[in-house]
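Notes follow the structure.
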Amino acid sequence: MLKKLAIFGAFAVASMTAVTPLASAATSYYAGVYPSTSAAVKACNDGISQGRWDGCSYKIRANRGGVELWVYIR
1 MLKKLAIFGA
11 FAVASMTAVT
21 PLASAATSYY
31 AGVYPSTSAA
41 VKACNDGISQ
51 GRWDGCSYKI
61 RANRGGVELW
71 VYIR
């Protein structure tokens, strides 16, 4: 279980890092709160594949729970 969480955490950080260059060239928009990082990543990937946005970043809400999804549109 701990190994699974560590891998998932590394994936979340890598996802946020991969979007950083895009963030400087795009406007970010708040896209909601999801119950888990995997749900937020799925929503991000769905939006990208549908052409609704170009990239995403995530913010874990430590005290309130959930994960904020922020999308980038050029």
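The numbers in my numbering rise by one with no breaks, and the one at position 26 of the sequence shown is 26. For glycine and all other residues, C-beta sits at the position ideal for the given N, C-alpha and C. Note that the structure is predicted; figures quoted are calculated from it, not measured.
Per DSSP, reduced to three states, the secondary structure at GLY55 is strand. DSSP, reduced to helix, strand and coil, places SER28 within a strand of the structure shown. With contacts defined as CB atoms closer than 8 Å, TYR29 and ALA40 fail to qualify as a contacting pair. Annotation for ASN45: the continuous alpha helix (DSSP H) segment containing it runs 37-49.
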